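First comes the structure, then the notes that go with it.
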């Protein structure tokens, strides 16, 4: 919820910045390239929000957004570690544990800080930054692209001049399909970055290192996964992710565009 709200807020504000920088009038539509720039910027900002980013900008809208997330936990890191706890118990003991003691999110958070300091909260940030910046660009631009296809189709069928209609004139199913396509584009575009990020974040639990052995970097982990399984390994789990992302993105854009249509 916080991620999506932050993403839309920053995306809309960056569109204003892109208009100012490119000298585009407020009533003129932005091209897909300009929208992609705003979306990529929004995704990069949100990648730090997900990790409780400790940075502030002077603009009041960014300041309010950052202050609201300043004390947030590194959601992605804690989530991945919680999801592999039962597997990790079997790895550490050499056999599956019947009823392993599972840590809660705050226990995991304390453990990360004790073992790796506060910098440990940013483990996998490179992957998150790549996924959120590139993925958000694909997410928003694909939604706009498919929506424009529906708009052009409606204008041709009604023999209307170009740019007579907007997203406000589309039906719910058309907005839903545009949102679903956006969810597919988001994951297909940079899914390997997310795979490497998850591997880095669960490395201590599933692949314990000997004392003194340095932690692998993002690039080293990427190469290791590629050598082991190739492209197929980097996209492992894509199918089930798309099965979740397509309907959820359809619902997100359907609600957002519906609220935007009603309240402007």
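In the numbering used here, the protein residues as written are 52 to 315. Don't be surprised by glycine CBs; every beta carbon is placed ideally from N, CA and C. This one's a predicted model, so the numbers in the text were calculated from it and none came from an experiment.
Straight-line gap, residue i to residue j (C-alpha atoms, nearest Å)
{"i": "residue 73", "j": "residue 55", "result": "26 Å"}
{"i": "residue 67", "j": "residue 165", "result": "42 Å"}
{"i": "residue 288", "j": "residue 199", "result": "31 Å"}
{"i": "residue 113", "j": "residue 93", "result": "Residue confidence for residue 113 is low, a pLDDT of 40 falling below 50, so the modelled location carries little weight and cannot support an answer."}
{"i": "residue 269", "j": "residue 180", "result": "12 Å"}
{"i": "residue 263", "j": "residue 99", "result": "29 Å"}
{"i": "residue 91", "j": "residue 189", "result": "8 Å"}
{"i": "residue 63", "j": "residue 261", "result": "47 Å"}
{"i": "residue 313", "j": "residue 220", "result": "12 Å"}
For residue i, the nearest candidate out of the options (CA to CA)
{"i": "residue 187", "options": "312, 65, 311 and 314", "result": "65"}
{"i": "residue 285", "options": "263, 241 and 291", "result": "241"}
{"i": "residue 96", "options": "128, 59, 130 and 167", "result": "59"}
{"i": "residue 202", "options": "185, 189 and 222", "result": "222"}
{"i": "residue 195", "options": "211, 230 and 78", "result": "230"}
{"i": "residue 154", "options": "136, 163, 168 and 167", "result": "136"}
{"i": "residue 237", "options": "53, 57, 79 and 87", "result": "87"}
{"i": "residue 157", "options": "128, 184, 185 and 180", "result": "128"}
{"i": "residue 57", "options": "307, 250 and 260", "result": "307"}
{"i": "residue 89", "options": "163, 167, 252 and 191", "result": "191"}
{"i": "residue 184", "options": "314, 61, 312 and 53", "result": "61"}
{"i": "residue 33", "options": "294, 252, 303 and 83", "result": "Here the chain covers residues 52 to 315 and nothing more, so residue 33 does not appear."}
{"i": "residue 275", "options": "210, 293, 212 and 254", "result": "254"}
{"i": "residue 265", "options": "167, 239, 52 and 217", "result": "167"}
{"i": "residue 232", "options": "83, 267, 279 and 293", "result": "293"}
Close-in-space but distant-in-sequence residues of the same chain around residue i (CB under 7 Å, 5 per side omitted)
{"i": "residue 245", "result": "178 and 182"}
{"i": "residue 215", "result": "206"}
DSSP three-state assignment for residue i, whether helix, strand or coil
{"i": "residue 212", "result": "coil"}
{"i": "residue 74", "result": "coil"}
{"i": "residue 161", "result": "helix"}
{"i": "residue 287", "result": "coil"}
{"i": "residue 263", "result": "coil"}
{"i": "residue 179", "result": "helix"}
{"i": "residue 80", "result": "coil"}
{"i": "residue 168", "result": "coil"}
{"i": "residue 188", "result": "helix"}
{"i": "residue 136", "result": "helix"}
{"i": "residue 302", "result": "helix"}
{"i": "residue 221", "result": "coil"}
{"i": "residue 276", "result": "helix"}
{"i": "residue 292", "result": "helix"}
{"i": "residue 155", "result": "coil"}
{"i": "residue 258", "result": "coil"}
{"i": "residue 52", "result": "coil"}
Contacting residues, own chain, Cβ-Cβ under 6 Å from residue i (five flanking each side not counted)
{"i": "residue 273", "result": "247"}
{"i": "residue 234", "result": "296, 297 and 300"}
{"i": "residue 132", "result": "159"}
{"i": "residue 243", "result": "285"}
{"i": "residue 250", "result": "272"}
8 Å Cβ shell around residue i - same chain, five flanking residues per side excluded
{"i": "residue 75", "result": "69, 81 and 85"}
{"i": "residue 208", "result": "none"}
{"i": "residue 310", "result": "none"}
{"i": "residue 78", "result": "none"}
{"i": "residue 227", "result": "301, 302, 304 and 305"}
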